[in-house]
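Chains as they are written, first to last, in the numbering used here: chain D, 5 to 444; chain X, 5 to 444. Encoded as structure tokens, the structure appears first; notes follow it.
Number of protein chains: 2
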Amino acid sequence: MSAPTTINIGLCGLGTVGQGVWKHLSANRAELESRLGVKLNLARAAVRDLRKARAVKIPASKLTRDPLAVATDPQIHIVCELMGGTALARKITLAALRRGKIVVSANKALICQHGAEIFAAAQQHGGHFFFEASVAGGIPIIKALREGLVANRFPRIYGILNGTCNYILTQMEDRDAPYAAVLADAKRLGYAEADESLDVDGWDTAHKASVLAWLAHGVWVKPAEMIVEGISRITPADFKNAVTLGYGIKLLAVITRDFKRNELCVRIHPTLLPEGNVIANVSGVFNAISVTGDVVGTTLYSGRGAGQDATASAVISDIADGVALLRFGKGAHLNSEVTTAACKDCRLAPAESIRSRYYLRLTVKDQPGVLARVASVMAKHHVSIASVIQNPAERAGAASLVLTTHESNERAMGATLRQLAALSSTLDEPVLLRIGDFND
Amino acid sequence: MSAPTTINIGLCGLGTVGQGVWKHLSANRAELESRLGVKLNLARAAVRDLRKARAVKIPASKLTRDPLAVATDPQIHIVCELMGGTALARKITLAALRRGKIVVSANKALICQHGAEIFAAAQQHGGHFFFEASVAGGIPIIKALREGLVANRFPRIYGILNGTCNYILTQMEDRDAPYAAVLADAKRLGYAEADESLDVDGWDTAHKASVLAWLAHGVWVKPAEMIVEGISRITPADFKNAVTLGYGIKLLAVITRDFKRNELCVRIHPTLLPEGNVIANVSGVFNAISVTGDVVGTTLYSGRGAGQDATASAVISDIADGVALLRFGKGAHLNSEVTTAACKDCRLAPAESIRSRYYLRLTVKDQPGVLARVASVMAKHHVSIASVIQNPAERAGAASLVLTTHESNERAMGATLRQLAALSSTLDEPVLLRIGDFND
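Next comes the structure, spelled out in structure tokens:
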């Protein structure tokens, strides 16, 4: 089969990202065609509503309501699945891969949930699945991990993977404003979805961490197997306490691998980062990822994580890789299956080997003896206190007790937390944040 | 021709980088072989001295004193040119490419000087030339520009490309120490070469900027066509003045393209960067690059720029790309020649269209009327003064006059500088730094 000279591209989904891809492919078409050595034809797009007004002008003849028709169209070489959701997206993706097509996807939930099936289908049927846009859209981190840093094993990868959360945290800190007010603003400005839980509870970050962990370690870790904690219980007081202690607060995905024990840990939680850490200073909707390789040391990447343009840039880079593959053969991409081979027997780290320092905020009755009781609970679980800050709490008769610990582990802290929550002097569910003493 | 199952690798040069490649390829061999699906055989290495003691143990039977024998050995698939220098390196590289081999190089001077010839030879003879290690070793910036950000045109790329200079500048600032003392320390510690001029005068940065400019814009710009200024005239007082003004000082490569005028500008000079800018805070031997794409916005990359391990990581990633190419066909890499096609008719920006704000330090006679004379020279050339700081200078009877300007251009500033230098009240060659008002 000779390489096609015109590449037909089909889009399934024409929302924000789909329109961005159409817009930029149209605007930079001449330059791209010259770089890639083929004609690029935006052949068809599947939409939910044919009549909806859209910012990009697309001939009615190219629109269809049937994404499966796009995915299975024998004329179409590259299918961009940009619908979101997992059930229909899975069907579309598998249908295209089974026909040996190239699929480009921005769908982290799909990959997290059905990645194993998708990559197996691609391999079995000679299809190819590209997903640079699924994690940190503006940052070519998938390519960096899989190709640029292929010489490395990765003891630690961590970073900010959700722009909505980072926007909210940045606003809370800068404006000294409570979570609920900032969230409401973010919704008004379009930075947060009507149902914010996927973002603020950490699930979107978990999906992306799952993709990165698989790339780096060849193991599928599902969100249910991770520590996943969101940002909704953080208060402006936490930022003030963090500053006093020399830290900022970021929602991080942290992926660590202990090569001696062959243990992998993937966790999503708000984290105190030293104020000098570059990622502690990444503001607003930006994403940033720190990658430590055993050969290269620590490298850092930052850019816009989502939004029409950053995501379109990633989708188009995958289309370009797809074009190279159609023109020249499958060397365009290291095979996905081989990435996973070296990682067998790796197990998820048990709670006691997930170690860190902790920040604990308790709202307690403002009466003598409370600190002594708290300290004795912690001592019982061998959790050693590093510092204590006591402040008046907002509610009358209550005090805020902020403790940081020396290094402990998730099992000990979990047991400590349950017992502290049960004390009669504890007025509210305790707030636990991890301290990430990462200096790079 | 079927794909080989064992890839034979030859090293030309077994200094710091060559030994690093050997060490890490040996240490991570099983994992790499599993990921790449082939056996990797370190077949031969060319050295200058067969008897020299080396940290890595290599059988004497694999060593030769003849790099050309390695480059032309029919058994060897991938030749790593890690010798440095340009004359012999060019010969070796062309010999291997003309035999259709894959060449991996860390040699920015070679690419800058002979890139056009090398890529033409590769194309003509079916060879391939990979060079991720040539710029910012630890950062996969070549792959990011050429593949990950392929959807973009690049109005601005700037960053720290020389770790030695960044180490010296960081030390000067942190220790309030003069250039000469810090340079002497850096030599003792092995962070600077015995002949430091390639680094501190900006030529190494210029070679790397040439490579990046070609990747981003398809034009070969030689150092002689750039503004190239080094760091040797910066004093601790300049850091203090910069801090007063809200800036840090970094040696930057700045590559800007004006798409409307179709003008390209590549310049290397110490630059005042706003203190909040991430790159202003990149310390020590680290490199960092900010890439602004018209689609993706600004993305940032940082990591170790040189050294045995970071460079070896980049060389090995190129070897991996080479292996994919040998196994699957040349889709492993977007063709170099097509990158350049879209950029014809682009011209180098003339001096009057290279605009920035400037920082100017004059050592002048400490007497009345000097500032008036300086100001009138600047006014004559339509250079508008933004701020003035007057300090006693180190030498008796002299004052230090620090001026910042509003936006001007290189022609006007050049003329201003020449006239200021000629004033009888000016005691020393003026020091001119550019102000880079880059907020990301």
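Cβ atoms here follow ideal geometry from the backbone N, Cα and C, with glycine treated the same way.
**Asked** Between Val107(D) and chain X, is there a C-beta pair that is closer than 8 Å?
**Response** Against the first sequence, residue 107(D) aligns to sequence position 103. In terms of beta-carbon proximity, Val107(D) stays away from the interface with chain X, with every pair separated by 8 Å or more.
**Prompt:** For Cys445(X), which residues does DSSP report across the bridge?
**Reply:** With chain X covering only 5 through 444, there is no way to say anything about residue 445(X).
**Message:** Output needed for Glu177(X): all residues of its chain with C-beta closer than 6 Å, excluding positions within five of it in sequence on either side, in chain order.
**Reply:** What you label residue 177(X) is simply residue 173 of the second sequence in a count that begins at 1. Phe243, listed in sequence order.
**When Asn285(D), Asp322(D), Val299(D), Ala314(D) are compared against Val154(D), the one with the closest alpha-carbon** = Within the first sequence, the letter at position 150 stands for residue 154(D). Selected option, being the one with the closest Cα: Val299(D).
**Request:** Answer yes or no: do Leu304(D) and Gly307(X) have a C-beta to C-beta separation smaller than 8 Å?
**Result:** Stepping through the first sequence from its first residue, residue 304(D) is reached at position 300. Stepping through the second sequence from its first residue, residue 307(X) is reached at position 303. Their beta carbons are under 8 Å apart, which means Leu304(D) touches Gly307(X) by this criterion.
**Request:** Would you mind reading off the limits of the beta strand (DSSP E) that contains Arg160(X)?
**Result:** By 1-based counting over the second sequence, the position of residue 160(X) is 156. According to the DSSP assignment, Arg160(X) belongs to the beta strand (DSSP E) that extends over 160-164.
**Contact set between Arg308(X) and chain D, taken where Cβ atoms lie within less than 9 Å** = In the second sequence, the residue the question calls residue 308(X) occupies position 304. Within 9 Å of the CB of Arg308(X), the CB atoms of chain D belong to Val300, Gly301, Thr302, Thr303, in sequence order along the chain.
**Prompt:** So which of Ala425(X), Arg157(X), Leu366(X), Asp70(X) has the shortest CA-CA distance to Arg399(X)?
**Reply:** Start at 1 with the first residue of the second sequence, and residue 399(X) comes out as number 395. Answer by Cα proximity: Leu366(X).
**Request:** Look at the alpha carbon of Leu15(X) and the alpha carbon of Leu256(X), and state the distance between them as a whole number of angstroms.
**Result:** Numbered from its first residue, the second sequence carries residue 15(X) at position 11. Numbered from its first residue, the second sequence carries residue 256(X) at position 252. Each residue's Cα considered, the two are about 32 Å apart.
**Asked** Would Gly88(X) count as contacting chain D if we go by Cβ distances under 8 Å?
**Response** Indexing the second sequence from 1 puts residue 88(X) at position 84. Cβ-Cβ to chain D under 8 Å: no for Gly88(X).
**Asked** Assuming Asn12(X) and Ala47(X) make a contact with CB atoms under 8 Å, what is their CB distance in whole Å?
**Response** Taking the first residue of the second sequence as 1, we reach residue 12(X) at position 8. Taking the first residue of the second sequence as 1, we reach residue 47(X) at position 43. With a Cβ gap of about 4 Å, Asn12(X) and Ala47(X) count as contacting.
**Message:** So for Ser391(X), helix, strand or coil by DSSP?
**Reply:** In the second sequence, the residue the question calls residue 391(X) occupies position 387. When DSSP states are grouped into helix, strand and coil, Ser391(X) belongs to the strand group.
**Message:** Quick check on DSSP: helix, strand or coil for Gly297(D)?
**Reply:** Looking up residue 297(D) in the first sequence gives position 293. The three-state reading of DSSP puts Gly297(D) in strand, counting E and B together.
**Message:** For Leu29(D), report the span of its alpha helix (DSSP H) as first-last.
**Reply:** Position 25 of the first sequence holds residue 29(D). Note, Leu29(D): alpha helix (DSSP H), 20-31.
**Message:** Counting C-beta neighbours from all protein chains within 10 Å, is the total for Gly119(X) 16 or more, i.e. buried, or is it exposed?
**Reply:** For the purposes of this step, residue 119(X) is taken as residue 115 along the second sequence, with counting starting at 1. Buried: at least 16 other Cβ atoms inside 10 Å.
**Neighbouring residues, chain D, relative to Ser317(X) (Cβ below 8 Å)** = In the second sequence, residue 317(X) corresponds to position 313, counting from 1. For Ser317(X), the chain D residues whose C-beta falls within less than 8 Å of its own C-beta are Leu153, Ala155, Asn156, Gly297, Val299, Val300, listed in chain order.
**Prompt:** Are the CB atoms of Ala220(D) and Ile259(D) nearer to each other than 8 Å?
**Reply:** For the purposes of this step, residue 220(D) is identified with residue 216 of the first sequence, where counting begins at 1. For the purposes of this step, residue 259(D) is identified with residue 255 of the first sequence, where counting begins at 1. For Ala220(D) and Ile259(D), yes; Cβs fall inside 8 Å.
**Asked** At least one CB of chain X closer than 8 Å to the CB of Pro240(D): is that the case?
**Response** For this step, residue 240(D) is matched to residue 236 along the first sequence. For Pro240(D), the answer is no, since every Cβ of chain X falls outside 8 Å of its Cβ.
**Prompt:** For the alpha helix (DSSP H) that contains Thr97(X), what are its first and last residues?
**Reply:** Taking the first residue of the second sequence as position 1, residue 97(X) is located at position 93. Per DSSP, the continuous alpha helix (DSSP H) segment holding Thr97(X) begins and ends at 91-102.
**Asked** Is the region 376-388 of chain X close to the region 414-430 of chain X, with three or more CB pairs under 8 Å?
**Response** The region 376-388 of chain X, when compared against the region 414-430 of chain X, does touch it at the 8 Å Cβ threshold.
**Asked** Do you know whose CA, among Thr239(X), Trp207(X), Ala188(X), Pro240(X), lies nearest Met230(X)'s CA?
**Response** What you label residue 230(X) is simply residue 226 of the second sequence in a count that begins at 1. Between Met230(X) and the set Thr239(X), Trp207(X), Ala188(X), Pro240(X), the nearest pair of CA atoms involves Trp207(X).
**Coil, strand or helix - Ala81(D) by DSSP** = To locate residue 81(D), count along the first sequence from 1; it is residue 77. Note that residue 81(D) is His in the sequence shown here, rather than Ala. Of the three classes helix, strand and coil, the one that applies to His81(D) here is coil, per DSSP.
**Prompt:** Phe332(X) and Gly167(X) look like a contact to me (Cβ under 8 Å); what is the Cβ gap, rounded to whole Å?
**Reply:** Locating residue 332(X) in the second sequence gives position 328, counting from the first residue. Locating residue 167(X) in the second sequence gives position 163, counting from the first residue. Contact doesn't hold; Cβ gap of about 35 Å is too wide.
**Request:** Report all residues from its chain with a CB closer than 8 Å to the CB of Lys66(X); omit the five preceding and five following residues, and keep chain order.
**Result:** Here residue 66(X) corresponds to residue number 62 of the second sequence, with the count starting at 1. Within the same chain, Lys66(X) has close Cβ partners Leu46, Ala47, Arg48, Ala49.
**Local conformation of His221(D) per DSSP, three classes** = For the purposes of this step, residue 221(D) is taken as residue 217 along the first sequence, with counting starting at 1. Helix, per DSSP.
**Min CB distance Phe123(X) to chain D below 8 Å** = Reading the second sequence from its first residue, position 119 is the one you call residue 123(X). Interface criterion not met: the Cβ of Phe123(X) is under 8 Å from no Cβ in chain D.
**Asked** When you check each C-beta in the region 118-148 of chain X against every C-beta of chain D, which residues fall closer than 9 Å?
**Response** Taking 9 Å as the cut-off between beta carbons, the residues of the region 118-148 of chain X near chain D are Glu136, Gly141, Gly142, Ile143, Pro144, Ile145, Ile146, Lys147, Ala148, in sequence order.
**Message:** Strictly by DSSP, which residues pair up with Ile115(D)?
**Reply:** The residue you call residue 115(D) lines up with position 111 of the first sequence. None, per the DSSP bridge assignment.
**Reference Lys112(D), options Ala100(D), Leu202(D), Ala190(D), closest by Cα** = Here the question's residue 112(D) lines up with position 108 in the first sequence. Comparing Cα positions, the closest option is Leu202(D).
**Asked** Asp441(D) and Ala353(D) look like a contact to me (Cβ under 8 Å); what is the Cβ gap, rounded to whole Å?
**Response** Numbered from its first residue, the first sequence carries residue 441(D) at position 437. Numbered from its first residue, the first sequence carries residue 353(D) at position 349. So it is not a contact: roughly 18 Å between Cβ atoms.
**Item:** Contact with chain X by Phe332(D), beta-carbon distance below 8 Å
**Value:** Counted from its first residue, the first sequence places residue 332(D) at position 328. Chain X, which has a Cβ nearer than 8 Å to the Cβ of Phe332(D), makes this yes.
**Asked** Would you report the Cα separation of Thr10(D) and Val42(D), rounded to the nearest angstrom?
**Response** Looking up residue 10(D) in the first sequence gives position 6. Looking up residue 42(D) in the first sequence gives position 38. The alpha-carbon atoms of Thr10(D) and Val42(D) are separated by roughly 6 Å.
**Prompt:** Hey, how far is the Cα of His410(X) from the Cα of Ile389(X)?
**Reply:** Indexing the second sequence from 1 puts residue 410(X) at position 406. Indexing the second sequence from 1 puts residue 389(X) at position 385. Rounded to the nearest angstrom, the two C-alpha atoms are 6 Å apart.
**Message:** So for Gly335(X), helix, strand or coil by DSSP?
**Reply:** What you label residue 335(X) is simply residue 331 of the second sequence in a count that begins at 1. Note that Gly335(X) has pLDDT 49, beneath the 50 cutoff, so the model's placement of it is unreliable and no number is given.
**Item:** Rounded distance between the beta-carbons of Leu114(X) and Ala93(X), thought under 8 Å
**Value:** As a working mapping, residue 93(X) is identified with position 89 in the second sequence. As a working mapping, residue 114(X) is identified with position 110 in the second sequence. Right, their Cβ atoms sit about 5 Å apart.
**Message:** Relative to the C-alpha of Gly297(D), which candidate in Ile161(D), Pro278(D), His129(D), Lys27(D) has its C-alpha closest?
**Reply:** Reading the first sequence from its first residue, position 293 is the one you call residue 297(D). It is Ile161(D).
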